[in-house]
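Respectively, the protein sequence lines represent chains Y, H and Z. According to the numbering used here, the stretch in the first sequence is residues 370 to 709, in order. According to the numbering used here, the stretch in the second sequence is residues 3 to 263, in order. According to the numbering used here, the stretch in the third sequence is residues 9 to 277, in order. Heads up, the beta-carbon is just placed ideally off N, CA and C, and yes, glycines get one too. Comments concern the structure below.
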Amino acid sequence: MTIAIQVNDLRKTYVQNIKAPGLLGALQGIFWQQRRQVPALKGLSFSVNEGEAVGLIGENGAGKSTAMKCLTGILRPASGDLRVLGHEPWRERRALARKIGVVFGQRPQLIWDIAVRETFNLNRVMYRVEPALFAETSALCARLLELGPLMDVPVRQLSLGQRMRCDLACAMLHAPRIAFLDEPTIGLDVLAKEQARQLIKTMRRRFGTTLILTTHDLKDISDTCQRVVVLDKGSLLFDGALLDFEARYAREARMVVDLDAPLALAKRRSLGARLKRHGGRLLKSVPQKVVVAYEKASSIQALTRVLLASLRIADMTFEKTDMETIVRGLYAKQVARRAR
Amino acid sequence: MRDELMIYVTAFKASLLARMEYRGDLLLSLLGGVCFQLGPLLAYGVLRAHAPQLGGWNGEEMLFLFGMWALCLGLSELFFNNIWDFSDQVLDGSLDRLLVYPVRSLPFYLLCSPTIHAFANITMGLSMLGYAGHALGLGAAYWALIPVWAACGVAIYTGTLVILGSTAVLMPGRGLDLLWLLAQVNWAARYPLNIYPAFLRVALLVVPPLGAYHYLPGLWLFKGGSLALGLGAPIAAALACGIGANFCWNLALNRYESTGS
Amino acid sequence: MLAELRAQLRAGGMLFARSTQRRLAYPVGALIDLASFVAIFGLTLLLWRAVVSQGNSLPMAWSELLRYLCVAFGLGYALEFGIYPFQQSIRTGGIAIDLLRPVPVTWLHLCNCLSWGALQAVYVAIAAGLLWHWIPDLRVVTDLPTVLALLVSLCLAALLQFSIFFLFAQGSFITQFGYGILYTRLSLHQVFSGAFAPVALFPESLKPWALALPFRHVIDTPARIALGMTAPGEIPILLAQQAAWGLGLFLLGQLIFDHFLGKAQIQGG
């Protein structure tokens, strides 16, 4: 397997000016300014094989976007080795740019005042896209993202979601070898998000595109990536398969039990105690519903027996912990650890 | 090479289309361009009401200086005006986009913001040059060399703007002020430079060489100066500004620190 | 009513302070800005000195012209408000944010402009202090009634300048882009305000235009009052003209703004 991205001990530090508050502070700032070094990346190391799909996640300020900008050549790292498709990004920016596609959810590349089609044409020329390839990718994007009616509309007259769909298409027109997508589904409704994910998956299937995706919508990652990299304050917290990530951090699963009749308060208390003895935890108990959390698969049988014996059950479902809950728990743990 | 050129032509065309999207703006920009030239001409009228000659240069000779200045300013604004937005783009991080395009960043960047009022500046400049050439009975060499001087002027003015504009990376927030400073100095450089003290005259011919593309040719045309000064010096100044601009631009991009996601 | 006014004034004061703070956030830029002012001032002085030194006759003495140009440049710099962000906000739809604030948009931008002007006035005061020793006769009027008239004239000049800016900036509602409007205003201002030369020096063909347009009341009028260059009894007339232009254009600007606001299109998220 060819390595597409190789990152070794990548570091990047920002300098921040600290301003004293108020007008006096502003006046003071003319003569003297306090500065602070903020490490954004603290020795990041990982590699990505060609064709892999990697989700980059972390809290706000974890260093996701900085890493993305170093990888695309926008930022020059303070130190460390960095190779993307054999190029040192900041030094060989132009050569690399031809092989990658980039979406910045907050900074679309569409030309504001004119029709979407014009930006498509500009990208076709800029990336020197062969006519056959352009015909294929543009048709694919138009079909999957429903761009047909938007192509001749000036960008300024599009909604945020429409702009995002067009921007995603722009980044895919030249069938990039690596797609760097920084929050590509920001501002999209549920249906449009699904369309965007569909496009990403199709591009990967058709062209073997390597994917680096940062997002706060974890469904994007669980839908499109096999691997996840978690950053915390510029350091690597986890790097591995999505399944391993879930196995490591999703310690709990849930049973949701719908009841035939309301559960009395006293019975609820005794049920809680009995579940606890078998490794379960009564998470929620409303009159006709009980949610039980459990850690080990081995306790399922015992817990089920307890429930069947104590309750008149109408329906019962088992739920895996979703990505959102896992990551929320992980972030909360990190915040608590830092607070200590 | 052809492909490369095609990229810039397409980018310029798309940006020009964007500017022409607003009809009202198109008309007002042209009017603004005319006013922009009328302003200095009226100021010149005020001066001329009291001084028929300035530093030994008569009205038609001064029109040559004004015309060349307006033509170069107009051409620079038409093709390479984006540097005026550089400071803002450094601040809000929108330069990120440029850095992930597979193009030579400087020409691509400069080409992406043509201004419509430049057409008025170019027309006014050409009219003044035409009138001056006709009134002074200048020969074929004059007409043949106008494009050369114009190209030099565009390179000198744009190059200096890029050199100063690049500092926006070091001084986030107010890099634009340096460009205004240069524009103000450029405004004063279109008068015969011999009216200024020697140190200033030298400064305006060397750093930045804003007088090199009209004053030096003017000296050759009207005051018996040498051809080396009238043609060689503007070309040398243009080359120096071009190389300096490229160097400073690359330096700036390497020190660029993007903002936010 | 009084409480509402007090609240608006407090909000205005806060906006003024924040705006000043914002400008001071980039101290190097402020210094370059000042250098730019000194450059254009110095070069214009040299230009006029060249005219005078060639033996051309002027209707005013060089020392008088020098005094006028010093004051005119100081005023011009202090009153060169930064209204461009307003134009930009109209173009990009950012004006939606301004409309959500519980203060009138005009008030918001007036406070921004005044803070801009106040800071530049401080720079001018520093420059004037430094120049005091080098430029002979750089004295201004000292008798109380004229000083009071000068203060009123300065306030009216600031109001008029803001009104002109506000009015021109609204062209962005029609044109989306703002350069044409910016340059038209800038050129008219540069020639007719008196920043380049006192209106008294204008050739006869230009003088009627200068007198008919409002621009001279931004610089020429307060400069003449400051230097005692007015004819007896002329000051009240000048102040009345300044007030009429200032208030008239302010109200016109407000009317047009309200009209355009009803038609404004702010699309997308």
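The ligand MG heavy atoms versus the CB of residue i: any closer than 8 Å?
{"i": "residue 681 of chain Y", "result": "The ligand MG is not among the ligands present in this structure, which contains no ligands whatsoever."}
For a contact defined as C-beta to C-beta under 8 Å, what are the partners of residue i on chain Y?
{"i": "residue 25 of chain Z", "result": "391, 392"}
{"i": "residue 256 of chain H", "result": "445, 459"}
On the criterion of 16 or more Cβ atoms from any shown chain inside 10 Å, does residue i qualify as buried, or is it exposed?
{"i": "residue 403 of chain Y", "result": "exposed"}
{"i": "residue 541 of chain Y", "result": "buried"}
{"i": "residue 251 of chain H", "result": "buried"}
{"i": "residue 6 of chain H", "result": "exposed"}
{"i": "residue 27 of chain Z", "result": "buried"}
{"i": "residue 83 of chain H", "result": "buried"}
{"i": "residue 445 of chain Y", "result": "buried"}
{"i": "residue 129 of chain Z", "result": "buried"}
{"i": "residue 687 of chain Y", "result": "exposed"}
{"i": "residue 533 of chain Y", "result": "buried"}
{"i": "residue 521 of chain Y", "result": "exposed"}
{"i": "residue 458 of chain Y", "result": "buried"}
{"i": "residue 222 of chain H", "result": "buried"}
{"i": "residue 160 of chain H", "result": "buried"}
{"i": "residue 140 of chain Z", "result": "exposed"}
{"i": "residue 245 of chain Z", "result": "exposed"}
{"i": "residue 433 of chain Y", "result": "buried"}
{"i": "residue 277 of chain Z", "result": "Residue confidence for residue 277 of chain Z is low, a pLDDT of 44 falling below 50, so the modelled location carries little weight and cannot support an answer."}
{"i": "residue 83 of chain Z", "result": "buried"}
{"i": "residue 437 of chain Y", "result": "buried"}
{"i": "residue 134 of chain Z", "result": "exposed"}
{"i": "residue 119 of chain H", "result": "buried"}
{"i": "residue 693 of chain Y", "result": "exposed"}
{"i": "residue 254 of chain Z", "result": "buried"}
{"i": "residue 613 of chain Y", "result": "exposed"}
{"i": "residue 169 of chain Z", "result": "buried"}
What does residue i reach in chain Y if we use C-beta pairs closer than 9 Å?
{"i": "residue 105 of chain H", "result": "463, 466, 495"}
Report the neighbours of residue i on chain Z: residues whose CB is nearer than 9 Å to its CB, in chain order.
{"i": "residue 187 of chain H", "result": "44, 47, 48, 51"}
{"i": "residue 37 of chain H", "result": "188, 191, 192, 193, 194, 195, 196"}
{"i": "residue 56 of chain H", "result": "55, 58, 59, 62"}
Could you work out which residues of chain Y lie near residue i, taking near to mean beta carbons separated by less than 7 Å?
{"i": "residue 128 of chain Z", "result": "The premise fails here: residue 128 of chain Z is roughly 14 Å from chain Y at the closest Cβ pair, so nothing lies under 7 Å."}
{"i": "residue 29 of chain Z", "result": "392, 395"}
Taking residue i as the query, report the chain H residues whose CB atoms sit under 8 Å from its CB, ordered along the chain.
{"i": "residue 189 of chain Z", "result": "30, 34"}
{"i": "residue 204 of chain Z", "result": "45, 48"}
{"i": "residue 160 of chain Z", "result": "Neighbours of residue 160 of chain Z on chain H: none; closest Cβ ~29 Å, over 8 Å."}
{"i": "residue 179 of chain Z", "result": "30"}
{"i": "residue 233 of chain Z", "result": "Simply none; closest approach about 22 Å."}
{"i": "residue 278 of chain Z", "result": "Residue 278 of chain Z is absent from the model: chain Z starts at 9 and stops at 277."}
Note down, in chain order, every chain Z residue with its Cβ under 7 Å from the Cβ of residue i.
{"i": "residue 94 of chain H", "result": "Neighbours of residue 94 of chain H on chain Z: none; closest Cβ ~11 Å, over 7 Å."}
Residue i touches chain H at which residues, Cβ-Cβ below 7 Å?
{"i": "residue 383 of chain Y", "result": "259"}
{"i": "residue 491 of chain Y", "result": "12, 13, 16"}
{"i": "residue 199 of chain Z", "result": "41, 44, 45"}
Checklist line | Every unbroken alpha helix (DSSP H) within the stretch 75-115 of chain H, with a cutoff of 4 residues, ordered by chain | finding: 88-94, 98-101, 107-113
Next item on the list: Give a yes or no on contact between the stretch 88-102 of chain H and the stretch 253-261 of chain H, applying the rule of three or more CB pairs nearer than 8 Å.
Entry: Contact between the stretch 88-102 of chain H and the stretch 253-261 of chain H is present, because at least three Cβ pairs lie under 8 Å.
Next item on the list: Specify whether the stretch 612-628 of chain Y and the stretch 654-669 of chain Y touch according to this definition: at least 3 beta carbon pairs, one from each stretch, less than 8 Å apart.
Entry: Contact between the stretch 612-628 of chain Y and the stretch 654-669 of chain Y is present: 3 or more CB-CB pairs across the two stretches fall below 8 Å.
Notebook entry, point to check: For the stretch 191-213 of chain H, which residues have a CB atom closer than 8 Å to at least one CB atom of chain Z, in sequence order?
Noted result: 193, 197, 198, 199, 202
Note to self: If the cut-off is 7 Å on Cβ atoms, which residues from the stretch 394-408 of chain Y count as contacting chain Z, listed in chain order?
What the structure shows: 395, 396, 398, 399
Notebook entry, point to check: Are the stretch 67-78 of chain Z and the stretch 39-47 of chain Z touching by the rule of at least three beta carbon pairs closer than 8 Å?
Noted result: no
Check: Which whole runs of the beta strand (DSSP E) in the stretch 507-588 of chain Y are 3 residues long or more, in chain order?
Finding: Within the stretch 507-588 of chain Y, the runs of beta strand (DSSP E) at least 3 residues long that lie entirely inside it are, in chain order, 547-551, 579-583.
Margin query: So if I threshold CB-CB distances at 9 Å, which residues from the stretch 468-487 of chain Y count as touching chain H?
Written below: 468, 469, 470, 471, 473, 474, 475, 476, 477, 478, 480, 481, 482, 483, 484, 487
Notebook entry, point to check: Would you call the stretch 424-441 of chain Y and the stretch 564-571 of chain Y in contact, with 3 or more CB pairs under 8 Å?
Noted result: No contact exists between the stretch 424-441 of chain Y and the stretch 564-571 of chain Y.
Next item on the list: Name, going along the chain, the residues of the stretch 11-25 of chain H whose beta-carbon falls closer than 8 Å to a beta-carbon of chain Y.
Entry: 12, 13, 16, 17, 19, 20, 21, 23, 24
Next item on the list: Please determine if the stretch 54-63 of chain H and the stretch 122-141 of chain H are in contact, where contact requires at least 3 C-beta pairs separated by less than 8 Å.
Entry: yes
Checklist line | Inside the stretch 445-520 of chain Y only - alpha helix (DSSP H) runs reaching at least 4 residues | finding: 462-466, 485-495, 500-514
Next item on the list: Determine contact between the stretch 68-87 of chain H and the stretch 34-48 of chain H, defined as no fewer than three beta-carbon pairs at a distance below 8 Å.
Entry: Touching, per the Cβ criterion.
Check: So does the stretch 580-598 of chain Y actually touch the stretch 642-659 of chain Y, counting three or more Cβ pairs closer than 8 Å?
Finding: no
Notebook entry, point to check: Which parts of the stretch 597-678 of chain Y are runs of the alpha helix (DSSP H), unbroken and 4 residues or longer, counting only runs that do not cross its ends?
Noted result: Runs found: 611-618, 634-646.
Next item on the list: List in chain order: all unbroken alpha helix (DSSP H) runs of 4+ residues lying wholly within the stretch 185-255 of chain Z.
Entry: Counting only runs of 4 or more, we get 187-200, 215-220, 228-234.
Check: Touching or not, the stretch 122-137 of chain Z and the stretch 242-256 of chain Z, by the rule of three or more beta carbon pairs under 8 Å?
Finding: Three or more beta-carbon pairs separated by less than 8 Å are not found between the stretch 122-137 of chain Z and the stretch 242-256 of chain Z, which leaves the two stretches without contact.
Check: Between the stretch 205-224 of chain Z and chain H, which residues of the former have CB atoms less than 7 Å from a CB of the latter, in chain order?
Finding: 205, 209, 210, 211, 214
Next item on the list: Determine, using beta-carbon pairs with one atom in the stretch 605-618 of chain Y and one in the stretch 673-681 of chain Y, whether at least three such pairs fall under 8 Å.
Entry: no
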